[in-house]
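Q:
Numbering (our numbering), first residue to last: 82 to 632.
1) I need the straight-line Cα distance from residue 470 to residue 492, nearest angstrom please.
2) Using only alpha-carbon positions, find the residue among 522, 499, 273 and 310 that is nearest to residue 370.
3) Check the DSSP bridge columns for residue 279 and list the partner residues they point to.
4) Since residue 350 contacts residue 326 with CB under 8 Å, what's their CB separation in whole angstroms?
5) If contacts are defined as beta-carbon pairs under 8 Å, then residue 123 and residue 427 qualify, I think. What distance do you get, rounded to the angstrom?
6) At the level of alpha carbons, what is the spacing between residue 106 and residue 538?
7) Mind listing, in chain order, the continuous alpha helix (DSSP H) runs of no fewer than 4 residues lying wholly within the region 494 to 573?
8) I'd like the list of long-range same chain contacts for residue 360, defined as Cβ closer than 6 Å, with 5 residues on each side in sequence excluded.
9) Determine the burial state of residue 133: buried for a count of at least 16 other Cβ atoms within 10 Å of its Cβ, exposed for fewer.
10) Can you list, in chain order, the residues of its chain with a C-beta nearer than 7 Å to that of residue 630? Leave out the 5 residues immediately preceding and following it.
11) Name the two residues that bound the continuous beta strand (DSSP E) containing residue 119.
12) Check whether the Cβ of residue 628 lies closer than 7 Å to any heavy atom of the ligand ADP, and answer yes or no.
13) For residue 400, name the three-state secondary structure that DSSP assigns.
14) What is the rounded straight-line gap between the Cα of residue 240 and the Cα of residue 288?
15) Please report how far the alpha carbon of residue 561 lies from the alpha carbon of residue 571, in whole angstroms.
16) Using a 10 Å radius around the Cβ and a threshold of 16 neighbouring Cβ atoms, would you call residue 474 buried or exposed?
17) Whose C-alpha, out of 460, 581, 433 and 301, is nearest the C-alpha of residue 446?
18) Can you have a look at residue 530 and say buried or exposed, based on whether 16 or more other CB atoms are within 10 angstroms of its CB?
19) Among residues of its own chain, excluding the 5 on either side of residue 261, which ones have a beta-carbon nearer than 7 Å to its beta-carbon?
20) Measuring alpha carbon to alpha carbon, tell me which residue in 400, 306 and 199 is nearest residue 343.
21) Does residue 375 come out as helix, strand or coil in the three-state DSSP assignment?
22) Starting from residue 157 and walking both ways along the alpha helix (DSSP H), at which residues does that stretch end?
23) Could you tell me if residue 321 is buried or exposed, where buried requires 16 or more neighbouring beta carbons within 10 angstroms of its beta carbon?
24) Could you say which of 478, 524, 545 and 483 lies nearest to residue 461 if we only look at CA atoms?
25) Would you mind sorting residue 38 into buried or exposed? The rule is 16 or more other CB atoms within 10 Å of its CB.
26) My parser needs the beta strand (DSSP E) runs of 3 or more residues fully inside the region 283 to 308; what are they?
27) According to DSSP, which residues form a beta bridge with residue 131?
28) Output needed for residue 495: all residues of its chain with C-beta closer than 7 Å, excluding positions within five of it in sequence on either side, in chain order.
29) For residue 347, does the three-state DSSP call read helix, strand or coil?
30) In three-state DSSP terms, what is residue 198?
31) Assuming residue 386 and residue 238 are in contact, meaning their beta carbons sit under 8 Å apart, how far apart are those beta carbons, in whole angstroms?
32) Closest by CA to residue 234, which one among 314, 580, 111 and 575?
33) Decide if residue 130 is buried, meaning its Cβ has at least 16 other Cβ atoms within 10 Å, or exposed.
34) Which of the three DSSP states is assigned to residue 260 in this structure?
35) Leaving out the 5 sequence neighbours to the left and right, which residues in its chain are closer than 8 Å to residue 585 when beta-carbon positions are compared?
36) Spell out a yes or no on whether the region 150 to 160 and the region 285 to 303 are touching, meaning 3 or more CB-CB pairs, one atom from each, closer than 8 Å.
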């Protein structure tokens with residue numbers, strides 16, 4: 082796919098006075114991509130045929146992907162990819178056979194790109210994201226990942242051969258590693274690091290919320306699931322909705338480039354890829370995923386022009402497990418933007434969400450409040466601040482922000498959804514039934530055209546005691562999700578709702594039994610009727626069991 086540069090703005094980045102910048106080296110900033118953190122998932126807003134959509138920024142993916150639900154919503158034609166061996170694999174062994182679609186006009190970096198191809202996969206990206214941006218769109222120039230400031234910069238170096246490109250570092254120490262590739266067709270960001278002195282290959286992958294070390298590499302470093310201090314942490318999500326078990330493991334030393342961290346903890350898990358028939362394939366290339374938690378603690382310049390990656394440490398935890406028992410050591414330092422300028426409301430919002438992802442809630446609220454003051458008519462700033470208040474369990478402040486967001490944008494589905502969920506969790510939920518019904522009705526109007534919302538809405542209707550409306554939404558969702566793993570999830574939800582309504586219990590029992598049968602292939606787990614995919618044996622699965630026990 083060709084990339085048109087005519088729509089980009091070129092900005093000269095002013096370099097520091099260090100002697101490293103001697104000569105005629107110039108860095109031309111071709112464009113910037115604003116990034117908003119949703120938890121530890123970096124997201125960007127992109128245009129598809131004139132409509133806005135939110136994508137995951139996925140430096141670990143070699144190609145763009147789009148979900149089947151999004152393709153249906155935008156009425157994109159799907160085509161089979163020739164060849165039986167075309168499939169995608171992900172962490173935990175998940176595999177899927179993609180199809181292909183073409184977007185007529187794709188707005189990217191302020192430039193319209195025409196006839197852009199995407200791989201279409203079943204995964205619905207948590208119902209909020211349209212798909213992911215991979216290396217075929219990210220590798221159009223050198224790229225600077227500055228997630229702590231909520232931006233990715235695309236830079237073209239001129240006359241900089243052999244010169245270090247960590248231009249912001251000035252006198253701050255920087256690290257550098259050699260950039261490796263899987264091959265010409267797979268240009269993911271690979272480098273070498275070390276765990277307990279053992280050399281490993283790492284994939285720098287913003288699509289993975291947290292960094293994770295493979296069980297095989299952990300074993301080479303003297304760590305197993307049964308080593309002292311290793312604790313099970315549940316499951317993590319892989320490609321195609323497959324969950325795989327992960328553990329927290331104490332590590333004596335992790336080193337990459339000039340950075341070294343001692344006495345830390347890493348996630349470990351089975352991230353081996355698998356073939357289309359489920360067979361484990363040799364994990365010769367990637368021993369560890371360096372995820373968004375790593376990117377948030379660093380500022381990275383990927384110099385494709387030099388086959389190098391430059392990075393500096395922002396401060397704070399290198400690997401953010403978000404586990405209080407492991408403590409925290411400081412906060413990420415504010416980083417300088419490419420050109421000194423006052424921060425806009427959008428800049429502050431993105432930085433605030435990055436701080437929230439690191440659980441730096443006080444500083445996040447300060448940035449988001451400043452953004453709200455600068456842009457008092459912006460509903461999104463209020464909604465995002467409400468989500469951070471919610472993470473702090475400051476329900477009253479969160480509710481006030483959701484109310485304010487909806488006054489400014491009465492049709493904002495996410496704000497309606499968040500307010501309904503928050504109201505339903507309150508002890509006095511019954512006193513606010515009319516408001517909850519209004520919010521759910523607003524979501525239902527959007528759910529008619531947005532399949533991922535239907536299952537969520539069905540469950541919320543059930544929690545509100547509106548069982549008939551909830552079952553109608555789940556029926557619609559099941560009608561459009563024919564994959565067996567998806568059917569198991571929906572059938573469990575419908576079994577639970579029918580059980581709670583105390584109606585058609587014979588049909589509820591049939592739903593639960595069918596869900597148990599399907600879970601032998603893609604098992605599910607849930608609590609209080611909230612379904613999610615999980616990698617466990619059906620006889621050990623509490624999800625359908627508690628639904629069936631209720632019935």
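Even glycine gets a Cβ: it sits at the ideal position worked out from N, Cα and C.
A: Let me spell this out:
1) The alpha-carbon atoms of residue 470 and residue 492 are separated by roughly 22 Å.
2) By alpha-carbon distance to residue 370, the top candidate from 522, 499, 273 and 310 is 273.
3) As DSSP reads the structure, residue 279 sits in a beta bridge with 276.
4) Indeed they touch by this definition, with Cβ atoms about 6 Å apart.
5) Between residue 123 and residue 427 a beta carbon distance of about 15 Å is seen, past the 8 Å cut, so the two are scored as non-contacting.
6) A straight-line Cα-Cα distance of about 55 Å links residue 106 and residue 538.
7) DSSP runs (the alpha helix (DSSP H)) wholly in the region 494 to 573: 494 to 506, 514 to 528, 532 to 544 and 548 to 561.
8) Low local confidence applies: a pLDDT of 43 at residue 360 is under 50, so the model's placement there is unreliable, with the coordinate-based value given in what follows. Here the set comprises nothing.
9) Result: exposed.
10) Excluding sequence neighbours, residue 630 sits near nothing in its chain.
11) If you look at residue 119, you'll find it in the beta strand (DSSP E) that goes 117 to 119.
12) Within the structure as shown, the ligand ADP is missing, as the structure has no ligands at all.
13) In the three-state reduction of the DSSP assignment, residue 400 falls in the coil class.
14) Using only the alpha carbons, I get a separation of about 32 Å.
15) Approximately 11 Å between the Cα atoms of the pair.
16) By the neighbour-count criterion, in which 16 or more other beta carbons inside 10 Å mark a residue as buried, residue 474 falls on the exposed side.
17) Checking every option, the nearest Cα to that of residue 446 belongs to 433.
18) Residue 530 is classed as exposed because its beta carbon has fewer than 16 other beta carbons within 10 Å across all chains shown.
19) Excluding residues within five positions, the ones whose Cβ falls inside 7 Å are 271 and 272.
20) Of the candidates 400, 306 and 199, 400 places its Cα closest to the Cα of residue 343.
21) Residue 375 falls in the helix class under three-state DSSP.
22) Residue 157 -> no alpha helix (DSSP H), and no H or E assigned at all.
23) Summary for residue 321: the model assigns pLDDT 47, below 50, so the residue's position carries little reliability, and this model does not support an answer.
24) With distances taken between CA atoms, residue 461 lies nearest to 483 out of 478, 524, 545 and 483.
25) There is simply no residue 38 to check, as the chain begins at 82 and stops at 632 in what is shown.
26) Within the region 283 to 308, the complete beta strand (DSSP E) runs of at least 3 residues are 293 to 295.
27) None; residue 131 has no bridge partner.
28) The answer, listed in chain order, is 464.
29) In this structure, residue 347 counts as strand in the three-state DSSP scheme.
30) Taken through DSSP and simplified to helix, strand or coil, residue 198 comes out as strand.
31) Your pair residue 386 and residue 238 checks out as a contact, with CB atoms roughly 5 Å apart and the cut at 8 Å.
32) Here the closest residue by C-alpha is 111.
33) With a threshold of 16 other beta carbon atoms within 10 Å, residue 130 falls short and is exposed.
34) If DSSP states are grouped into helix, strand and coil, residue 260 belongs with coil.
35) Same-chain partners within the cutoff: 579.
36) No, they do not touch.
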